[in-house]
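Asks: Mapping to the UniProt record's numbering: the sequence shown position 612 is 612, numbers consecutive.
Attaching a single structure in structure tokens format; questions to follow.
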Amino acid sequence: MVTNSQSQYYQQHKQSITAPELFWRHQAEQLNWYKTPNSIVQQQDANHYQWFTDGVLNTAYLALDYHIEQGRGEQTALIYDSPVTNTKQQFSYLQLRDDVARFAGVLKALGVSKGDRVVIYMPMIPQAAIAMLAVARLGAVHSVVFGGFSAHELALRIDDAKPKVVVSASCGIEISKLIAYKPLLDDAIVKAEHKPERCVIFQRPQLPAPMQNGRDLDWQLAMAKAAPAACEPVKATDPLYVLYTSGTTGKPKGVVRDNGGHAVALNYSMQAVYNAKAGDVFWAASDVGWVVGHSYIVYGPLIAGCTTILYEGKPVFTPDAGAFWRVCAEHKVNILFAAPTAFRAIRKEDPDAALQQYDLSALRSIFMAGERLDPATYHWVSDKLAKPVIDHWWQTETGWPIAANPAGIELMPAKPGSSTVPVPGFNIHILNDNGQAVKANEQGYIALQLPLPPGCLTTIWGNDERYVDGYLSTFPGYYASGDGGYIDEDGYLFVMGRTDDVINVAGHRLSTGEMEQIVSSHPAIAECCVIGINEPIKGQQPLALVLIKNGIDVDETILEAELVAMVRQEIGALACFKKAVIVKRLPKTRSGKILRKLLRQIADGSQYTVPSTIDDPASLPEIAQLMTDRGVISQT
């Protein structure tokens with residue numbers, strides 16, 4: 001690595017790999033434990049490690065009570081901003097702690113205690129965060145299910161987590177419609193083999209829900225007479241939550257996060273990666289149903305003493321493409337974190353950022369993760385906002401960033417397309433099919449050498465065999481990330497996409513991510529997706545699906561020729577890139593990831609199942625018809 005060996009980053013990362021006990025002992029000492037751990041990391045067997053095994057703490061205490069004890073009780077802890085209901089609300093640390101303690105009292109009165117599971121099925125309202133923190137306060141285990149998931153998917157998660165209580169709301173609110181949650185919950189409980197003992201329902205005035213006698217409890221009525229509950233000390237190794245990864249098929253895959261490693265890692269990441277300090281306003285524009293919502297809407301910012309924003313809206317259409325800038329200006333946001341897809345949506349609707357008539361002087365940096373940040377989007381945001389844009393890469397399974405430009409240690413020169421360098425604690429290797437390290441700039445499988453640092457998944461809920469088989473068996477001694485990429489001569493990591501997005505064209509292994517990078521650089525294109533489709537002679541052939549920026553008229557034939565020429569220039573004729581189809585929208589999960597596997601199935605004329613995580617099912621028949629019209633797939 002060319003990075004200066006005397007730099008702060010290099011020293012921190014080196015110590016975290018060569019002396020992990022010393023490094024993580026120091027990070028653990030930054031938290032207020034009930035019992036400070038003496039044991040830092042213990043190896044259980046070839047695949048399992050535990051962090052801070054003799055430590056005792058409570059995550060909700062660290063997020064709320066501790067800051068009140070430090071004199072920050074009147075500081076704003078949570079800002080709720082809901083353009084879909086025209087509602088704004090602020091909670092001080094004292095107010096939030098009191099609401100959390102009272103709801104913990106509600107759950108305690110229903111019999112919830114240490115180790116019990118509570119499923120939370122709620123929209124982006126303050127009560128979702130309050131419920132999560134209340135469960136943590138009791139030492140119980142929460143499992144947040146994205147609001148609006150189908151009854152079938154919710155039933156699968158209920159059966160897997162076996163909750164004592166389900167917490168929900170009467171409805172969720174989208175841009176132009178209400179989603180009745182209660183009927184979905186009722187149906188899910190009918191479908192599920194496991195029956196929760198009680199349900200707590202927060203009634204929203206937009207669509208109140210009928211209650212089932214003997215099972216359902218009204219949130220507002222219960223809170224009015226609840227006695228506050230104290231924090232329950234738990235072991236560092238006790239589970240804090242189970243989070244089911246999006247896009248699962250069959251039996252859900254519940255990532256288990258422990259209390260101690262999670263708190264230490266998030267506290268460290270808030271400082272080292274995000275350069276966040278107590279009192280900063282931190283906005284992760286995500287949802288509590290996703291890992292970003294867990295780590296950087298609820299737990300991370302509050303453990304760090306920041307003000308966090310919970311936003312019930314969209315990047316566009318609530319009411320316009322200036323929504324993000326309005327929130328940043330109004331609440332004096334210091335750090336903004338969102339997925340690249342959000343900024344691509346803004347760019348599509350407002351390519352000149354004409355709506356950015358807001359005071360963004362408080363905004364210090366913009367972080368992006370959740371999918372690959374293509375250079376075109378990086379440059380657009382960087383140019384329009386004139387703020388540092390920081391790409392970073394992590395997964396539901398790790399819970400916090402694996403690679404980033406570490407703003408809190410030292411900000412390095414950015415390389416568009418790269419998530420910069422490994423975050424201290426993560427030992428990243430690029431391996432070939434045989435598990436051997438490859439040379440600089442050579443693509444391979446991204447693997448993390450064990451032990452994983454604190455805060456990463458400890459197992460899969462109720463199925464440790466699935467954890468070992470799915471993540472640890474491919475390359476013994478490593479966690480297989482499922483992503484492919486390379487590390488350049490300067491030690492910068494380039495994540496090129498899921499390894500199943502590597503296509504084989506006439507024996508050449510080619511990255512669709514690299515092609516997307518080229519295609520998206522065309523000035524007319526707002527967003528694109530490149531997939532590999534079956535081709536009888538070459539095995540596979542790339543196909544680009546592209547969205548055009550608003551206000552730009554293009555001839556599809558001319559555009560296709562220009563894209564073919566660009567890919568040929570950058571990669572060569574061996575890419576066999578010949579087809580580009582203009583689409584109105586791309587099918588995505590609600591967390592913003594393009595459903596590439598589904599697009600491949602459509603293009604290949606295969607049977608496919610519409611996943612529960614899809615945000616816009618209507619995009620599928622449109623794309624299928626466009627592919628048919630362009631001769632990509634046959635009528636059959």
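C-beta atoms are modelled at their ideal positions from N, C-alpha and C, and glycine is treated no differently.
Please classify D116 as buried or exposed, where buried requires at least 16 other C-beta atoms within 10 Å of its C-beta.
Replies: The residue is buried, with at least 16 neighbouring Cβ atoms inside 10 Å.
Asks: Need the endpoints of the beta strand (DSSP E) that N32 sits in, please.
Replies: Here N32 belongs to no beta strand (DSSP E), and DSSP marks it neither H nor E.
Asks: Taking the alpha-carbon positions, what's the K251 to G148 distance?
Replies: For K251 and G148, the distance between alpha carbons rounds to 19 Å.
Asks: Have a look at Q625 and A603 and give me their C-alpha separation to the nearest angstrom.
Replies: The alpha-carbon atoms of Q625 and A603 are separated by roughly 10 Å.
Asks: Do you know how far the Cα of V333 is from the Cα of D280?
Replies: Going from the Cα of D280 to the Cα of V333 covers about 8 Å.
Asks: Per the DSSP calculation, V291 is bridged to which residue(s)?
Replies: V291 is not bridged to any residue.
Asks: Could you compute how far the alpha carbon of I175 sits from the alpha carbon of G477?
Replies: Between I175 and G477, the C-alpha separation is close to 47 Å.
Asks: Buried or exposed, going by whether 16 or more other CB atoms sit within 10 Å of the CB of Y9?
Replies: The residue is buried, with at least 16 neighbouring Cβ atoms inside 10 Å.
Asks: Do you know whose CA, among G214, D287 and E312, lies nearest R590's CA?
Replies: If we check each option's Cα against that of R590, D287 comes out closest.
Asks: Using CA coordinates, which residue listed in M211, A161, A224 and V264 is at the minimum distance from T237?
Replies: Closest option to T237, Cα to Cα, is V264.
Asks: Near Y274, which residues of its chain fall below 6 Å by C-beta distance, leaving aside the five closest residues on each side in sequence?
Replies: The answer, listed in chain order, is I335.
Asks: Need the endpoints of the beta strand (DSSP E) that Q443 sits in, please.
Replies: Premise fails: Q443 is in no beta strand (DSSP E) and is neither H nor E.
Asks: Using the three-state DSSP reduction, which class does D160 fall into: helix, strand or coil?
Replies: Note: D160 maps to helix in three-state DSSP.
Asks: Quick one: using the 10 Å Cβ neighbour count with 16 as the cut-off for buried, is I558 buried or exposed?
Replies: Looking at its Cβ environment, which holds fewer than 16 other Cβ atoms inside 10 Å, I558 is exposed.
Asks: Contact defined as beta carbons within less than 8 Å: I believe N267 pairs with L31. What is the distance between those atoms, to the nearest angstrom?
Replies: At roughly 6 Å, the Cβ-Cβ gap stays under 8 Å, so N267 and L31 are in contact.
Asks: For G592, is the classification buried or exposed, using 16 other Cβ atoms within 10 angstroms of its Cβ as the cut-off for buried?
Replies: Its Cβ being crowded by 16 or more others within 10 Å, G592 is buried.
Asks: Distance check for L598 and V610, CA to CA, integer angstroms please.
Replies: Using only the alpha carbons, I get a separation of about 8 Å.
Asks: Quick one: give me the first and last residue of the beta strand (DSSP E) that W51 is part of.
Replies: Counting along the chain, the beta strand (DSSP E) containing W51 begins and ends at Y49 to W51.
Asks: Hey, Y61 and R137: beta-carbon distance below 9 Å or not?
Replies: Cβ atoms of Y61 and R137: closer than 9 Å.
Asks: Should P228 and G105 be called a contact, given that it needs their Cβ atoms to be closer than 9 Å?
Replies: Going by C-beta atoms, P228 is nearer than 9 Å to G105.
Asks: With DSSP collapsed to three states, give me the class of H331.
Replies: H331 falls in the coil class under three-state DSSP.
Asks: With a threshold of 16 other CB atoms inside 10 Å of the CB of L574, please say whether the residue is buried or exposed.
Replies: L574 is exposed by the Cβ-count criterion.
Asks: Restricting to Cα atoms, I'd like to know which of D616, E570 and L472 is closest to Y49.
Replies: With distances taken between Cα atoms, Y49 lies closest to L472.
Asks: Starting from G485, trace the beta strand (DSSP E) in both directions and tell me its first and last residue.
Replies: Note, G485: beta strand (DSSP E), Y478 to I487.
Asks: Taking 6 Å as the limit between beta carbons, can you name the residues of its chain near L529, skipping five residues before and five after?
Replies: The sequence shown places Cys at residue 529, rather than the Leu named in the question. Correct list, in chain order: L545, L586 and I594.
Asks: Check whether the Cβ of Q212 lies closer than 9 Å to any Cβ atom in chain E.
Replies: The structure shown has no chain E; it contains just one protein chain.
Asks: Among the residues of its own chain, which have a CB less than 6 Å from the CB of F23, if the five just before and after it don't count?
Replies: For F23, where only same-chain residues beyond five positions count, the Cβ hits under 6 Å are Q15 and S16.
Asks: For A46, tell me which candidate among Y479, G539 and Q607 has the shortest Cα-Cα distance.
Replies: Comparing Cα positions, the closest option is Y479.
Asks: Would you report the Cα separation of V564 and Q75, rounded to the nearest angstrom?
Replies: Between V564 and Q75, the C-alpha separation is close to 55 Å.
Asks: Less than 7 Å between C-beta atoms, sequence neighbours within five positions excluded: which residues of the same chain meet that for S419?
Replies: Here the set comprises D391, H392, W393, A403, A404, L493 and V495.
Asks: On the criterion of 16 or more Cβ atoms from any shown chain inside 10 Å, does H142 qualify as buried, or is it exposed?
Replies: Flag for H142 reads buried.
Asks: Distance, Cα to Cα, G491 vs P422?
Replies: Whole-angstrom Cα-Cα distance: 8 Å.
Asks: How many Å lie between Q206 and G172 at the Cα?
Replies: Spanning the two alpha carbons is a distance of roughly 9 Å.
Asks: Determine the burial state of T249: buried for a count of at least 16 other Cβ atoms within 10 Å of its Cβ, exposed for fewer.
Replies: Unreliable positioning characterises T249 in this predicted model, as indicated by a pLDDT of 43, which lies under 50. A coordinate reading is not provided.
Asks: Is the segment 156–171 touching the segment 191–205 in the sense that three or more CB pairs, one from each, lie closer than 8 Å?
Replies: At 8 Å Cβ cutoff, the stretches touch.
Asks: Per the DSSP calculation, S143 is bridged to which residue(s)?
Replies: Bridge partners of S143: V119.
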